[in-house]
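One structure is given here, and the rest of the page talks about it.
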Amino acid sequence: MSDNSEYQDACARALAARAQLRNSLCAAKARITPARLKADVRSKAVQSMVDTGHSIQAAVQKRPVAASAAGIALIAYLARRPLGTLFHRLFVRLRDGREDRRNSETDHG
447 MSDNSEYQDA CARALAARAQ LRNSLCAAKA RITPARLKAD VRSKAVQSMV DTGHSIQAAV
507 QKRPVAASAA GIALIAYLAR RPLGTLFHRL FVRLRDGRED RRNSETDHG
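This is the structure:
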């Protein structure tokens with residue numbers, strides 16, 4: 447009889463293990479669905495943006511002068527081409543104006 451009861455205990459443990467495996471597989475399937483993965487990525491991205499915003503805000507409040515200097519440098523870097531074009535045009539206008547004045551002085555003596 448002990449062999450029969452050991453066999454029945456082993457069968458019961460095997461059935462319990464199978465049920466636990468099925469539950470684990472169902473939970474894993476639910477976790478790796480595309481909608482769930484997308485929602486997880488979206489929530490993590492939003493949370494990281496919020497955390498970054500808070501850290502930037504704290505850094506700006508600690509050092510406002512340095513933060514504004516960094517902001518101005520970033521804006522100047524992003525607008526470097528339009529600013530370069532503007533300064534080039536101003537330089538050409540100033541240079542042409544000087545050359546016109548020189549030529550007018552030499553023409554009339």
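For this note's numbering, count along the sequence shown from 1 and bump the result up by 446. Heads up, the beta-carbon is just placed ideally off N, CA and C, and yes, glycines get one too.
Which ranges does the beta strand (DSSP E) cover as unbroken runs of at least 3 residues, wholly within the stretch 498-530, from first to last along the chain?
The qualifying runs do not exist here; there are none.
Express the C-alpha separation of GLY530 and VAL538 in angstroms, rounding to a whole number.
For the purposes of this step, residue 538 is identified with residue 92 of the sequence shown, where counting begins at 1. For the purposes of this step, residue 530 is identified with residue 84 of the sequence shown, where counting begins at 1. The alpha-carbon atoms of VAL538 and GLY530 are separated by roughly 12 Å.
CA-CA distance, GLY543 and TYR523?
Taking the sequence shown and counting its residues from 1, the one referred to as residue 543 is at position 97. Taking the sequence shown and counting its residues from 1, the one referred to as residue 523 is at position 77. Rounded to whole angstroms, the gap between the alpha carbons of GLY543 and TYR523 is 30 Å.
Compute the beta-carbon to beta-carbon distance between ALA513 and ALA505, rounded to the nearest angstrom, for a pair I have assumed lies under 8 Å.
Against the sequence shown, residue 513 aligns to sequence position 67. Against the sequence shown, residue 505 aligns to sequence position 59. For a cut-off of 8 Å, the C-beta gap from ALA513 to ALA505 is around 7 Å, short enough to register as a contact.
What number of angstroms, rounded off, separates the C-alpha of LEU467 from the C-alpha of ALA516?
Sequence index remark: in the sequence shown, residue 467 carries index 21 (1-based). Sequence index remark: in the sequence shown, residue 516 carries index 70 (1-based). If I take the Cα positions, the gap works out to 56 Å.
Cβ neighbours of THR502 in the same chain (closer than 7 Å, five flanking residues each side left out):
Position 56 of the sequence shown, counted from the start, is the residue given in the question as residue 502. The sequence shown places Ile at residue 502, not Thr. Scanning its chain for C-beta atoms nearer than 7 Å, with the 5 sequence neighbours on each side dropped, one finds no residue around ILE502.
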